[in-house]
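K.L.:
Please see the structure below; I have some questions.
Number of protein chains: 2
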Amino acid sequence: MMLMTLQAVDFYSVLSHPMRLRALILIKQLDELCVCELTHSLGLAQPVISRHLAQLKQAGLLLSRRQGLWIYYRLNNDIPNWVNDVIQSTADGIADTSPYKEDRIALNTMLDRPNQACC
Amino acid sequence: MMLMTLQAVDFYSVLSHPMRLRALILIKQLDELCVCELTHSLGLAQPVISRHLAQLKQAGLLLSRRQGLWIYYRLNNDIPNWVNDVIQSTADGIADTSPYKEDRIALNTMLDRPNQACC
DNA sequence: TGTATATATACAAAACTATATATATAATAT
DNA sequence: ATATTATATATATAGTTTTGTATATATACA
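Taken in order, these protein sequences are the chains called A and B.
Just remember that the working numbering sits 2 ahead of the position in the first sequence, which is counted from 1.
Just remember that the working numbering sits 2 ahead of the position in the second sequence, which is counted from 1.
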């Protein structure tokens, strides 16, 4: 598998939008989320989140897979080490602050998550 | 000294411009640089670099001091730990690649740097 | 097949960001 | 004082990014 060449400035640019940063932090914590879960957690219209996820994917930070009707997004691990370190430090630094903490809570209060064991 | 409250998304935003990232990486390596040294190294018009430096300073990443006619910019150390880690990882990851490497070379070939011992 | 659901994309409008140019400020030197 | 140099800021313009709305695609299921 070929290592992604990710320019530093493209990395910073793609995370310079509040919703993209929130999506990345949430996905990092939950491993994999579908578009509807992100739409619910972040309170965004569907085309908006789809476009932001497309940008994160195109930058090389996310990968996606389809499962039935749902498309699941997860972190790409095939990124330069320094990018991985930066994402880790950022998540460690901010995941328990607002609005990232509340995004996790919003996800947990989502009633009809696909593929979640009920009760 | 009061710890800077720096929002993650503002941090990513301010580094999402190629010239601001280059300026930060160069300043981190050289400890302190004046506007004319940055103008020379990055090949920018003076008002352009001044405005970018103002943005880095306003975000809390840089501090400045005047010495005679020159204004010197340096890293602010009074930033959240995770921000410091992110800057360190980024610098370690990219400082020896283009165009950051060449920026250092351009600085070294600057003939009339202020306050540099001659020969 | 047709209908429903999840997601993606196109396109125009709105919001935001960066730049060029001119001018202002602040220190120094004569 | 006046002139010079380094830097900062204002303003108009140009360029880029984001959004709302509508539409397209892909799968599931009757």
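All C-beta atoms, glycine included, are put in the ideal place defined by N, C-alpha and C.
So what's L55 of chain A in DSSP terms, helix, strand or just coil?
P.N.:
Locating residue 55 of chain A in the first sequence gives position 53, where the first residue counts as 1. Here L55 of chain A sits in helix by DSSP.
K.L.:
Touch check for the segment 95-106 of chain B and the segment 97-113 of chain A: three-plus C-beta pairs under 8 Å?
P.N.:
The segment 95-106 of chain B, when compared against the segment 97-113 of chain A, does not touch it at the 8 Å Cβ threshold.
K.L.:
A10 of chain B touches chain A at which residues, Cβ-Cβ below 7 Å?
P.N.:
The residue labelled residue 10 of chain B in the question sits at position 8 within the second sequence. Near A10 of chain B (Cβ distances below 7 Å), the residues of chain A are L23, T92 and I96.
K.L.:
So the candidates are A:V50, A:K30 and A:G62; which of them puts its Cα closest to the Cα of I81 of chain A?
P.N.:
As a first step, residue 81 of chain A must be located in the first sequence, where it is residue number 79. Nearest of A:V50, A:K30 and A:G62 to I81 of chain A, Cα basis: A:G62.
K.L.:
Taking the Cβ atom as the reference point for each residue, do Y75 of chain B and L58 of chain B lie within a distance shorter than 9 Å?
P.N.:
Your numbering for residue 75 of chain B matches position 73 in the second sequence. Your numbering for residue 58 of chain B matches position 56 in the second sequence. Yes, Cβ-Cβ distance for Y75 of chain B and L58 of chain B is below 9 Å.
K.L.:
In whole angstroms, what separates the C-alpha of P116 of chain A from that of S18 of chain B?
P.N.:
Indexing the first sequence from 1 puts residue 116 of chain A at position 114. Indexing the second sequence from 1 puts residue 18 of chain B at position 16. Each residue's Cα considered, the two are about 35 Å apart.
K.L.:
Per DSSP, what kind of secondary structure is I81 of chain B in: helix, strand or coil?
P.N.:
Reading the second sequence from its first residue, position 79 is the one you call residue 81 of chain B. Correct three-state label for I81 of chain B: coil.
K.L.:
Got a sec: does the ligand FMN put a non-hydrogen atom nearer than 8 Å to the Cβ of Q9 of chain B?
P.N.:
Ligands displayed in this structure: none; no statement on the ligand FMN is therefore possible.
K.L.:
For Q69 of chain A, name the three-state secondary structure that DSSP assigns.
P.N.:
For the purposes of this step, residue 69 of chain A is identified with residue 67 of the first sequence, where counting begins at 1. Here Q69 of chain A sits in strand by DSSP.
K.L.:
Measure from the alpha carbon of M112 of chain A to the alpha carbon of each residue in A:Q9, A:L44, A:F13 and A:I89, then state which is nearest.
P.N.:
Here residue 112 of chain A refers to the residue found at position 110 when the first sequence is read from its first residue. Of A:Q9, A:L44, A:F13 and A:I89, the residue nearest in Cα terms is A:L44.
K.L.:
As an exercise, report each continuous alpha helix (DSSP H) stretch of at least 4 residues that is fully enclosed by the segment 7-64 of chain A, in chain order.
P.N.:
Correct list: 10-16, 20-32, 37-44 and 48-60.
K.L.:
Give me the chain A residues within the contact set of V88 of chain B, using Cβ-Cβ distance strictly less than 7 Å, ordered along the chain.
P.N.:
For this step, residue 88 of chain B is matched to residue 86 along the second sequence. Those within 7 Å of V88 of chain B in chain A are V88, S91 and T92.
K.L.:
Quick one: what's got a C-beta closer than 7 Å to A15 of chain B's C-beta in the same chain, skipping five residues either side?
P.N.:
Position 13 of the second sequence, counted from the first residue, corresponds to residue 15 of chain B. Position check: residue 15 of chain B holds Ser in this sequence, whereas Ala was assumed. So no residue of the chain qualifies.
K.L.:
If I51 of chain A sits next to V37 of chain A, beta carbons under 8 Å apart, how far is it from one beta carbon to the other, in whole angstroms?
P.N.:
If you number the first sequence from 1, residue 51 of chain A lands on position 49. If you number the first sequence from 1, residue 37 of chain A lands on position 35. The pair is a contact, with the Cβ atoms about 6 Å apart (cut-off 8 Å).
K.L.:
Out of A:L64, A:Q118, A:N83 and A:N79, which one is the CA nearest neighbour of R22 of chain A?
P.N.:
As a working mapping, residue 22 of chain A is identified with position 20 in the first sequence. Closest option to R22 of chain A, Cα to Cα, is A:L64.
K.L.:
So is T92 of chain B buried or exposed if we call it buried at 16+ other beta carbons inside 10 Å?
P.N.:
As a working mapping, residue 92 of chain B is identified with position 90 in the second sequence. By the neighbour-count rule (16 or more Cβ atoms within 10 Å), T92 of chain B is buried.
K.L.:
Does DSSP put R76 of chain B in a helix, a strand or coil?
P.N.:
Numbered from its first residue, the second sequence carries residue 76 of chain B at position 74. Looking at R76 of chain B - three-state DSSP - the assignment turns out to be strand.
K.L.:
Among the candidates B:T41, B:Q9, B:N86 and B:L77, whose CA atom is the shortest distance from the CA of K30 of chain B?
P.N.:
One-based indexing of the second sequence puts residue 30 of chain B at position 28. The shortest Cα separation from K30 of chain B among B:T41, B:Q9, B:N86 and B:L77 belongs to B:L77.
K.L.:
Go to R115 of chain B, then tell me how far its alpha helix (DSSP H) extends in each direction, as first and last residue.
P.N.:
For the purposes of this step, residue 115 of chain B is taken as residue 113 along the second sequence, with counting starting at 1. Careful: R115 of chain B lies outside any alpha helix (DSSP H) and carries neither H nor E.
K.L.:
Between E34 of chain A and the rest of its own chain, which residues show a CB-CB distance below 8 Å, the 5 nearest in sequence each way excluded?
P.N.:
On the first sequence, residue 34 of chain A is found 32 positions in, with the first residue counted as 1. Counting only Cβ-Cβ distances below 8 Å, and skipping sequence neighbours, we find Y74, Y75 and R76.
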